[in-house]
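Enquirer: Pasting in a structure now, in structure tokens, and then I'll have a few things to ask.
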Amino acid sequence: MKNKALRLLRAAAGRYDKICEAWYAHAGEELDLQLFLDMAEDDCLTYLGTQELPPVVTATTLAKLAFVHLNGVVQDRDYGVKSASYTEGSVSMSETYTTPAEQETAIADLLQPYNRYREVRTCESKNA
Numbered sequence: 000m001k002n003k004a005l006r007l008l009r010a011a012a013g014r015y016d017k018i019c020e021a022w023y024a025h026a027g028e029e030l031d032l033q034l035f036l037d038m039a040e041d042d043c044l045t046y047l048g049t050q051e052l053p054p055v056v057t058a059t060t061l062a063k064l065a066f067v068h069l070n071g072v073v074q075d076r077d078y079g080v081k082s083a084s085y086t087e088g089s090v091s092m093s094e095t096y097t098t099p100a101e102q103e104t105a106i107a108d109l110l111q112p113y114n115r116y117r118e119v120r121t122c123e124s125k126n127a
């Protein structure tokens, strides 16, 4: 499943080569998408309270979660720029910024469909 998620992440990144070049220019090291897939897997495991990913978690979800992390890191490297738009023929530019809260919301929204698969642990009282 991770291989499929890696392919989906590369496709979602779209400008994968440019992202890799930008990462190398800023960090001085190769971009490892596996790192972001591991972060996505950790998000799922923490959210679900399990030690292993259940089969219901799709490669698409992992790729989307990894892309949220990748996008956040790339934006941090680019001073937080979420998007920039330029109008041809005029010198105007519009920039918006992603906040950590927006990233957390994006992750929560992606994991929300898996609510029914969360493990709930209860503690029994010793006095009972």
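When you line the sequence shown up against numbering that gives the first Met the number 0, it's residues 0 to 127, in that order.
Don't be surprised by glycine CBs; every beta carbon is placed ideally from N, CA and C.
Computed from a predicted model, the values in this text were never measured in an experiment.
1. Taking a contact to mean a Cβ-Cβ separation below 8 Å, would you say Q102 touches V67 in this structure?
2. Could you pull out every residue in the same chain whose Cβ sits closer than 6 Å to the Cβ of V56, ignoring the five residues on either side in sequence?
3. In its own chain, which residues sit with a C-beta less than 7 Å from the C-beta of T49, not counting the 5 before and 5 after it?
4. Return the first residue and the last residue of the alpha helix (DSSP H) that D42 is part of.
5. Relative to the alpha-carbon of A129, which residue among T98, A24, E28 and A107 has its alpha-carbon at the smallest distance?
6. Just tell me which of C19, L36 and F35 has its CA closest to the CA of E28.
7. Which one of N2, T121 and T98 has the shortest CA to CA distance from L32?
Expert: Based on what the coordinates show:
1. On the sequence shown, residue 102 is found 103 positions in, with the first residue counted as 1. On the sequence shown, residue 67 is found 68 positions in, with the first residue counted as 1. Going by C-beta atoms, Q102 is nearer than 8 Å to V67.
2. Position 57 of the sequence shown, counted from the start, is the residue given in the question as residue 56. Counting only Cβ-Cβ distances below 6 Å, and skipping sequence neighbours, we find C43.
3. Looking up residue 49 in the sequence shown gives position 50. Around T49: E118.
4. The residue labelled residue 42 in the question sits at position 43 within the sequence shown. Element bounds for D42: L32 to L47.
5. One cannot answer for residue 129 here, as it falls past the ends of the chain, which runs 0 to 127.
6. Your numbering for residue 28 matches position 29 in the sequence shown. The residue with the shortest Cα to Cα distance from E28 is C19.
7. Counted from its first residue, the sequence shown places residue 32 at position 33. Considering only alpha carbons, the answer is N2.
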